[in-house]
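Below is one structure, written out as structure tokens; comments come after it.
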Amino acid sequence: MAPTVLKGKNYALLVGGIVGFIALACYPIIVHPMLYPEEYKKVQKINRAGINQDEIQPGSKEVSNYQQGNGFVIALRSISTTSTVYEPRRLPDKTGKNVVLVDGVRTPFLTSGSDYSKLMPHELARHSLLSLLRKTKVDKEVIDYIVYGTVIQEVKTSNIAREAALSAGFSNKTPAHTVTMACISSNQAITTGMGLIATGTYDTIVAGGVEFMSDVPIRHSRKMRSLMLRANKAKTVGQRLQLLSTIRPDFFAPELPAVAEFSSGETMGHSADRLAAAFNASRQEQDDYALRSHTLAKEAQDKGYFTDLVPFKVSGVDKTIEKDNGIRVSTKESLAKLKPAFVKPYGTVTAANASFLTDGASACLVMTEEKAKALGLRPKAYLRDFLYVSQDPIDQLLLGPAYGIPKLLKKAGLTLKDIDTWEIHEAFAGQIIANLKALDSDYFCKNYLGLSEKFGSPDMSKWNNWGGSLSIGHPFAATGVRLCMHTANRLVRENGQLGLIAACAAGGQGVAMLLERHPDANAE
1 MAPTVLKGKN YALLVGGIVG FIALACYPII VHPMLYPEEY KKVQKINRAG
51 INQDEIQPGS KEVSNYQQGN GFVIALRSIS TTSTVYEPRR LPDKTGKNVV
101 LVDGVRTPFL TSGSDYSKLM PHELARHSLL SLLRKTKVDK EVIDYIVYGT
151 VIQEVKTSNI AREAALSAGF SNKTPAHTVT MACISSNQAI TTGMGLIATG
201 TYDTIVAGGV EFMSDVPIRH SRKMRSLMLR ANKAKTVGQR LQLLSTIRPD
251 FFAPELPAVA EFSSGETMGH SADRLAAAFN ASRQEQDDYA LRSHTLAKEA
301 QDKGYFTDLV PFKVSGVDKT IEKDNGIRVS TKESLAKLKP AFVKPYGTVT
351 AANASFLTDG ASACLVMTEE KAKALGLRPK AYLRDFLYVS QDPIDQLLLG
401 PAYGIPKLLK KAGLTLKDID TWEIHEAFAG QIIANLKALD SDYFCKNYLG
451 LSEKFGSPDM SKWNNWGGSL SIGHPFAATG VRLCMHTANR LVRENGQLGL
501 IAACAAGGQG VAMLLERHPD ANAE
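Be aware that the sequence shown starts at 1, since it is given in UniProt numbering, and climbs by one per residue.
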């Protein structure tokens, strides 16, 4: 068959079509820059900066520029080698249940010996339980299981989770137990709940923690306790009098709760001072960090960001407690005047750059995503992953975050840049600085973490932006839930996707947890 020859009108149509196609294809490159030069410059700037989808944050100026609706950016990207528009990073569900953090609450955190001093610990825990139910509008009958953490136990309520539940009006058919893992006890409560959900045992868990340092158990000496137990078994008055005659003055010396590590005999404050010295964390660095914590906490408090905090009308106190009372913004000059608290006279840890003894309780609602949807709830976050670490309790007592963060990110296939919010427990300012320096140290990462080079330092603009334990307070077993709730709430308010929590704990242990913003989460 002979080839068709185009003439006249057909030829003109073909040529016109080709020219039109070329013009359409070249419009983003040639024509549009002439008509919209400023917009073109902005996009070119983005391209030259090499910003990729992991680096552009949701809601950022770059995304706003990238998502113009006139078609220019879309057309330019289609012929460009640069990455696509940022899309939220989704992590896989490892439980098969899509475990979600629905919401959480906490009492105001108060310095010990203040307005909570006449309460009992289970009363603080009860308030957190009831406040959680009121906030989420979930009935008691929906709760399958309750687990709380505590560190310094009140002997009358050793299983404080159960006592708090009963006093809050929960059915006696609702099981509850108490865990203890020092400063990460409520983290352990949460992950215990995750395990119960992952195994299909339960759908809905309340996890929390409570600490009450205003009234700690003070025991008789062991000699006196032994004598009293023997006297209780004596059968005659004469036998009792004989035992009483053996009492010596040192029998009356009380045993205060140990502030020292049992394994090392060293207080955590002394260990923090040694750790700061080992990583060359200066006194000024520590004071500056403490000032940062209090300043950010005060800003967050004034702006109403602490939506997890629920007011508490304390019986015997003629007022409703509505705020944490340990937040105090000072000056560098005032902080510099304070004397060392532990290692004297040359130590660098002071009362201002160390967390203070605190009373408080917290609770959160954890369940399957399916159950949350069935109840019409809007979860805050997915609880995606976690791990615990432990190391030398003598020289590395407070390095839990430095060990846990790299291990968890590797486990999840993430990098430092993937994390939008960091919430790290601030036991001491020196501990924070030491962990940051450890992560950014070739020597530490190679010799202790088994890495080929330093892991790197997190972005401090995303780090504890609402303050931390140094300023807000640290009721030992309640802090973990507070960290989770601040992470979940910050992800929404700061338009982030992934948040990481890490904390050190007594005994040389630590925890790291990953949260992912839930698509239904709303800012409060």
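Beta carbons are placed, not taken as given, at the ideal position from N, Cα and C, and that holds for glycine.
query                                                                                                                                               : result
So which of A374, T267, L119, R106 has the shortest CA-CA distance to D324?                                                                         : R106
Can you tell me where the alpha helix (DSSP H) holding C484 begins and where it ends?                                                               : 479–493
If you measure between the beta carbons of L451 and P401, is that distance less than 8 Å?                                                           : no
Using the three-state DSSP reduction, which class does V310 fall into: helix, strand or coil?                                                       : coil
Just curious, the alpha helix (DSSP H) that E516 is in, first and last residue?                                                                     : Note, E516: premise wrong, no alpha helix (DSSP H); beta strand (DSSP E) at 509–517.
Could you check what DSSP says for E211 in three-state terms: helix, strand or coil?                                                                : strand
Report yes or no: do the segment 204–214 and the segment 130–148 share at least 3 C-beta pairs separated by less than 8 Å?                          : yes
Going by C-alpha distance, which of L408, L244, A523, H425 is nearest S355?                                                                         : H425
Which of helix, strand or coil does DSSP assign to F386?                                                                                            : strand
Where does the unbroken beta strand (DSSP E) through D103 begin, and where does it stop?                                                            : 99–106
Near D360, what residues of its chain come up, given a Cβ to Cβ distance below 6 Å and the 5 sequence neighbours on each side ignored?              : The residue asked about is misnamed: residue 360 is Gly in this sequence, not Asp. Correct list, in chain order: T107, F109, P475, A478.
What do you get for K437, buried or exposed, if any count of 16 or more other CB atoms within 10 angstroms of its CB means buried?                  : buried
Give me the DSSP bridge partner(s) of C445.                                                                                                         : According to DSSP, which records beta bridges pairwise, C445 is partnered with nothing at all.
From what residue to what residue does the beta strand (DSSP E) around E426 run?                                                                    : Segment: none, E426 is in no beta strand (DSSP E) and carries neither H nor E.
Hey, G200 and S362 are a contact pair by Cβ (cut 8 Å); roughly how many whole angstroms apart?                                                      : No, G200 and S362 are not in contact; Cβ-Cβ is about 27 Å, not under 8 Å.
When DSSP labels each residue in this structure, what does E524 get in the three-state scheme?                                                      : coil
Quick one: residues in its chain with C-beta nearer than 7 Å to the C-beta of L196, no 5 flanking neighbours on either side, listed in chain order? : Y145, Y202, I205
CA-CA distance, A372 and V102?                                                                                                                      : 7 Å
Do L243 and L227 count as a contact pair if the criterion is CB distance below 8 Å?                                                                 : yes
Could you give the distance in angstroms between the alpha-carbon of A521 and the alpha-carbon of L387?                                             : 25 Å
Using CA atoms only, rank isn't needed, just tell me which of N464, A182, E516 is closest to K150.                                                  : In the sequence under discussion, the amino acid at residue 150 is Thr, which differs from the Lys named in the question. Here the closest residue by C-alpha is A182.
So M213 and L119 are supposed to be a Cβ contact under 8 Å. How far apart are they, rounded?                                                        : Not quite, the Cβ-Cβ distance comes to about 12 Å (not below 8 Å), so this is no contact.
So does the segment 324–339 actually touch the segment 256–272, counting three or more Cβ pairs closer than 8 Å?                                    : no
Alpha carbon to alpha carbon, how far is R283 from V99? Give it in angstroms, no decimals.                                                          : 42 Å
Distance, Cα to Cα, F351 vs G113?                                                                                                                   : What sits at residue 351 in the sequence shown is Ala, not Phe. Looking at the two C-alpha atoms, the distance is approximately 16 Å.
Kindly indicate the opening and closing residues of the beta strand (DSSP E) around M367.                                                           : 358–368
Look at the alpha carbon of T95 and the alpha carbon of M513, and state the distance between them as a whole number of angstroms.                   : 14 Å
Could you check what DSSP says for G496 in three-state terms: helix, strand or coil?                                                                : coil
Please state the DSSP three-state secondary structure of E333.                                                                                      : helix
For the beta strand (DSSP E) containing T178, name the first residue and the last one.                                                              : 176–179
Taking V147 as part of the beta strand (DSSP E), name the residues at either end of that continuous run.                                            : 145–149
Which runs of the alpha helix (DSSP H) fall wholly inside the segment 247–316 and span at least 4 residues, in chain order?                         : 268–278, 283–302
T174 and Y148 - do their beta-carbons sit closer together than 8 Å?                                                                                 : no
Quick check: what's the CA-CA separation for S117 versus D215?                                                                                      : 7 Å
Going by C-alpha to C-alpha distance, which of R378, F444, M485 sits closest to W422?                                                               : M485
Given that a residue counts as buried once 16 or more other Cβ atoms are within 10 Å of its Cβ, and exposed if not, what is L408?                   : buried
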